[in-house]
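Here is the structure we will look at, set down as structure tokens.
Protein chains in written order, with the numbering used here: chain A, -3 to 280; chain B, -3 to 280.
Here you go:
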């Protein structure tokens, strides 16, 4: 029987008890409005761990001013049904007030270029909000393993660095992007697209795949590859490009020319108010 | 048999094993060069926990430019003998290179006035260094309880706030200041005083006690009480006052007038290059 915890102390006490019994805990941190991408993480956790906890928390401090905190889709009832069907053990759904009580001022931050580029450039403070909430979730739920989707590639890379540097006793498991039939990466935000935007959004994955083919065919110039993607995406009238970047996959470091490295092509594009991200890793 | 760990992973694995056996771990974080104050923490941990770990690490990131990181006294051999005698289970003495490898950039920070006043004002970045290293030590050693001396009153208050806000599953135990016969609070730094400075340093505790008597006698004006301490300390030719402050004991908040609260009188004074701190809590 799946149990829902809204109180931090109750969840933490339960996790302590599970740990004391030697159970291996898997945590899937989410902002809810679950889709097949989230569920693939839950299934992976179910395979690998004794206890599977899903956190559902739309984390206010990772949204900037003017971002879509209010419009972020929520449907806890549906989420609970989906998770029950996946045989999750527990859902942790705390309130903002409990997570960030009056006077709250403690933050975990990965400093440096890794959080300043890509999404960090357009969303200042975003990753500080992410690393703070993930630290809290890790400390409350004490997972042995935590599952994150490769769709938020920079997020996972930042969290891996945080875990390594702060010595969190947690294994980070990176899971592949799940896509719609037309290639659009699953995202809770997709529901906010109108039908025209939804159709045009398929270009993101198409552009990434086209770029991968270009590289496979011998193209080694980063700017040329980025230009190709830019051209394809700009052709969609509803698309406004935030960024298109190519970085070293391992640490998001600079890539001068494409040779002998695993690289990540990552992009963020707005359709109306809805900002979508996608990425593709290529071994050159 | 006490065991010394210098490798982070070895220490963390050992702590995981202890936790899996249901042992309660007590951690005493120190910068070494142990004195009776540290040993009082170790004894308290020995009484309350199954496993007692002492960390010895002169944390470079909590020292500012021009501060005494280099001159900070070190004597690991003597420390280990003292801890062996106290029947400690483990000493964790990592290297700086392992704690902060090349490219390290993850920090835990308690923001706001609590880390900006008192020692935070004269030592910018100090508490960020403290909360970061303490977070790492907690994550490596997974203590149920961690022991800190009241001599570093602001440090304990900041750490308590961090633990509460990040949801660390750790109980912070605050232990009383241990003093020399003439009232000087024990500190590893005392060894850096010359004999004249050492003699004059007794004024710190004398000034705090005189202030407490003044309050007991009915004085309610904060500035008058601070002036009294300032006068006593300035009379010592080697003393240079950094700060003398009176705050609410609980959270170091502002105190307008002395009435019906627990207050903390705290001071920092330099004798030559050696900066000493002391404090006294008074129930008004």
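C-beta atoms are modelled at their ideal positions from N, C-alpha and C, and glycine is treated no differently.
From a predicted model like this one, the values you see are computed outputs, not experimental measurements.
| query | result |
| --- | --- |
| Residues sharing a beta bridge with residue 25 of chain A, DSSP | A/51 |
| Residue from B/203, B/272, B/162, B/94 whose Cα sits closest to the Cα of residue 106 of chain B | B/162 |
| Residue nearest to residue 23 of chain A in terms of C-alpha spacing, selected from A/16, A/132, A/190 | A/132 |
| Counted within 10 angstroms of its Cβ, other Cβ atoms place residue 187 of chain A as buried (16 or more) or exposed | exposed |
| Min CB distance residue 104 of chain B to chain A below 7 angstroms | yes |
| Residues from the stretch 81 to 92 of chain B in contact with chain A, defined by Cβ distance under 8 angstroms | none |
| Backbone CA spacing between residue 297 of chain A and residue 259 of chain A [nearest angstrom] | Outside the shown range of chain A (-3 to 280) lies residue 297 of chain A, about which nothing can therefore be said. |
| Residue span of the beta strand (DSSP E) that contains residue 148 of chain B, given as start and end | Run containing residue 148 of chain B: none; DSSP gives neither H nor E here. |
| Helix, strand or coil at residue 209 of chain A according to DSSP, with G and I counted as helix | helix |
| Inter-stretch contact at 8 angstroms, needing at least 3 Cβ pairs: the stretch 40 to 50 of chain B / the stretch 198 to 206 of chain A | no |
| Expected contact under 8 angstroms - CB spacing of residue 2 of chain B and residue 89 of chain B to nearest Å | 6 angstroms |
| Beta-carbon contacts of residue 269 of chain B that lie in its chain and below 8 angstroms, excluding the five residues immediately before and after | 64, 67, 188 |
| Which residues DSSP lists as bridging residue 263 of chain A, in chain order | A/240, A/274 |
| Integer-rounded CB distance, given that residue 223 of chain A should sit under 8 angstroms from residue 291 of chain A | With chain A covering only -3 through 280, there is no way to say anything about residue 291 of chain A. |
| Short CB-CB distance (under 7 angstroms) between residue 132 of chain B and chain A | yes |
| Limits of the alpha helix (DSSP H) - the one that residue 219 of chain B falls within | 218 to 230 |
| Residue from A/114, A/125, A/70 whose Cα sits closest to the Cα of residue 240 of chain A | A/114 |
| Chain B contact residues for residue 108 of chain A, given Cβ-Cβ distances below 7 angstroms | 101 |
| Contact residues within the stretch -2 to 13 of chain B, judged by C-beta distance below 8 angstroms to chain A | 4, 8, 12 |
| Neighbouring residues, chain A, relative to residue 18 of chain B (Cβ below 7 angstroms) | 16 |
| Cα-Cα separation between residue 142 of chain A and residue 167 of chain A, rounded to whole angstroms | 6 angstroms |
| Contact list for residue 163 of chain B against chain A, beta-carbon separation under 7 angstroms | 4, 8, 132, 135, 136 |
| For residue 219 of chain B and residue 209 of chain B, the rounded distance between their alpha carbons | 15 angstroms |
| Terminal residues of the beta strand (DSSP E) in which residue 86 of chain A lies | 86 to 88 |
| Own chain, CB closer than 7 angstroms to residue 238 of chain A, minus 5 neighbours either side, in chain order | 118, 264, 265, 266, 271 |
| Nearest residue (CA-CA) to residue 231 of chain B, options B/197, B/155, B/61, B/146 | B/197 |
| Burial state of residue 124 of chain A, where buried means 16 or more other Cβ atoms lie within 10 Å | buried |
| Beta carbon proximity, residue 158 of chain A to chain B, threshold 7 angstroms | yes |
| Same chain, Cβ closer than 7 angstroms to residue 92 of chain B, five either side skipped, listed in chain order | 56 |
| Exposure label - residue 13 of chain B; buried when at least 16 CB within 10 Å | exposed |
| Residue 1 of chain A in three-state terms, based on DSSP | strand |
| DSSP state of residue 59 of chain B mapped onto helix, strand, coil | coil |
| Alpha-carbon spacing of residue 173 of chain B relative to residue 277 of chain B, whole angstroms | 11 angstroms |
| Strand pairing of residue 103 of chain B, partner residues [DSSP] | A/105 |
| Candidates A/193, A/110, A/33, of which the one nearest residue 78 of chain A by Cα | A/33 |
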